[in-house]
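Undergrad:
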Amino acid sequence: MSRTPIIAGNWKMFKTVSEAVSFFEAVKGKAEVAGVESVICAPYTTLPALVEAAKGTSIAIGAQNLHFEDNGAFTGEISGVMLNDLGVKYVLIGHSERRQYFAETDETVNKKVHAAFKHSLVPIVCIGENLEEREAGTTKEVCRTQTVAAFQGISAEQAAQSVIAYEPVWAIGTGKSSTSADAQDVIGYVRSVVADLYDQATADAVRIQYGGSVKPNNVAEYLGQQDIDGALVGGASLEPDSYVALVEGA
Ligand code: PEP
């Protein structure tokens, strides 16, 4: 089954509105490669300008988080209603920095996946083991637990549209990356977990990215692996030339 490769930049807490718009002007037309989906997950404050700039292009805009309730007394939070209203298409859910610094749990991740679908957003569900878990040999167990929890109550049709990002926590922003063979091994396993949860057709449809110190010079190697359908990229997505090279490299 052929799945469209997806390169998603995660800008984290970088870029003002004017920086975001200049970036977009620089990549427009270049980070638009036939057969590759290009997504920029940007800070909330830049989203209206980016959605406007992206009109008429094939680059999709994503948020980096959402609250699972539609509205209410949740100071500082942004809901799926609000993101949908802006015209955002994707949303990162359960990034390891959110799990680590903002106490997100498998339970809140699951609620957020439900909220994303409720508001027609495509979730990019982040999973992955930390260094301790890696060294203890529990990588696959951790990825299974996180995947099963994230998709609880989610239909096969919704799961098939989702994107999963396998990001070993020890490889994020560290310059250390998983080998492509190791990443393939875990991602192939995660696909089998989706098959167990649903069926083979759903597992064949879901796109699974690798993330963790992906750069223009190693992106092709990851995407050359059978089960790796793209990359979620932090640091190397911040500069226009580098981002274009990532999309071209896919
Ligand atoms: C990320 O932020 O999801 C990420 C993978 O970061 P980096 O590419 O910098 O490791």
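Be aware that the sequence shown starts at 100, since it is given in my numbering, and climbs by one per residue. Ideal Cβ positions, reconstructed from N, Cα and C, are used throughout, including at glycine.
Examine the Cβ distances between the stretch 122-138 and the stretch 168-177 and report whether three or more of them are shorter than 8 Å.
TA: Result no; under three Cβ-Cβ pairs closer than 8 Å.
Undergrad: Looking only at C-alpha atoms, which of 120, 224 and 213 sits nearest to residue 309?
TA: Taking only the C-alpha atoms, the option nearest residue 309 is 224.
Undergrad: Looking only at its own chain, which residues have a Cβ that is under 6 Å from the Cβ of residue 274, when we skip the five neighbours before and after it?
TA: So the list reads 312, once near-sequence residues are dropped.
Undergrad: State the CB to CB distance for the pair residue 263 and residue 305, rounded to an integer number of angstroms; the pair is presumed to be in contact (CB under 8 Å).
TA: That pair is a contact at about 6 Å.
Undergrad: Terminal residues of the continuous alpha helix (DSSP H) containing residue 120?
TA: 116-126 is the span of the alpha helix (DSSP H), which, as asked, contains residue 120.
Undergrad: Grab the span of the beta strand (DSSP E) containing residue 339 for me, first residue to last.
TA: Segment 339-348 is the alpha helix (DSSP H) holding residue 339; no beta strand (DSSP E) there.
Undergrad: Please tell me whether residue 324 and residue 282 are closer than 8 Å, where the distance is taken between their beta carbons.
TA: Contact: yes.
Undergrad: Check whether the Cβ of residue 183 lies closer than 7 Å to any heavy atom of the ligand PEP, and answer yes or no.
TA: Not so, every heavy atom of the ligand PEP lies at least 7 Å from the Cβ.
Undergrad: Would you say the beta carbon of residue 331 comes nearer than 7 Å to a heavy atom of the ligand PEP?
TA: Answer for residue 331: yes, Cβ within range of the ligand PEP.
Undergrad: Hey, could you find the ends of the beta strand (DSSP E) residue 143 is sitting in?
TA: Note, residue 143: premise wrong, no beta strand (DSSP E); not H, not E.
Undergrad: Can you have a look at residue 134 and say buried or exposed, based on whether 16 or more other CB atoms are within 10 angstroms of its CB?
TA: Exposed: under 16 other Cβ atoms inside 10 Å.
Undergrad: May I ask you to report which of helix, strand or coil DSSP gives residue 287?
TA: Note: residue 287 maps to helix in three-state DSSP.
Undergrad: Any contact between the stretch 121-134 and the stretch 329-345? By contact I mean 3 or more CB pairs, one from each, below 8 Å.
TA: Short answer: they touch.
Undergrad: Using DSSP with H/G/I as helix, E/B as strand and the rest coil, what is residue 219?
TA: Residue 219 falls in the coil class under three-state DSSP.
Undergrad: Name the one or two DSSP bridge partners that residue 166 has.
TA: Looking at the DSSP assignment, residue 166 forms a beta bridge with 178.
Undergrad: According to the neighbour-count rule (16 or more other Cβ atoms, all chains shown, within 10 Å of its Cβ), is residue 200 buried or exposed?
TA: So residue 200 counts as exposed.
Undergrad: Taking 7 Å as the limit between beta carbons, can you name the residues of its chain near residue 183, skipping five residues before and five after?
TA: For residue 183, where only same-chain residues beyond five positions count, the Cβ hits under 7 Å are 218, 219 and 220.
Undergrad: Is residue 172 near the ligand GTP, judged by its Cβ being under 7 Å from some heavy atom?
TA: The ligand GTP is not part of the structure shown, which contains the ligand PEP as its ligands.
Undergrad: Under 8 Å, with one C-beta from each stretch per pair, do the stretch 107-120 and the stretch 147-154 reach the 3-pair mark?
TA: Contact holds: three or more Cβ-Cβ distances are below 8 Å.
Undergrad: Compute the minimum distance between the beta carbon of residue 350 and the heavy atoms of the ligand PEP, and state whether it is under 7 Å.
TA: The shown model of the chain, from 100 to 349, leaves out residue 350, and the question about it has no answer.
Undergrad: Can you determine whether any heavy atom of the ligand PEP sits closer than 7 Å to the C-beta of residue 266, and answer yes or no?
TA: Answer for residue 266: yes, Cβ within range of the ligand PEP.
Undergrad: Taking the alpha carbon of residue 280 as the point to measure from, which residue in 173, 181, 320 and 104 has its own alpha carbon closest?
TA: Among 173, 181, 320 and 104, the Cα nearest to that of residue 280 belongs to 320.
Undergrad: Pick from 252, 265 and 227: whose alpha carbon is nearest that of residue 216?
TA: Minimum Cα distance to residue 216 is reached at 252.
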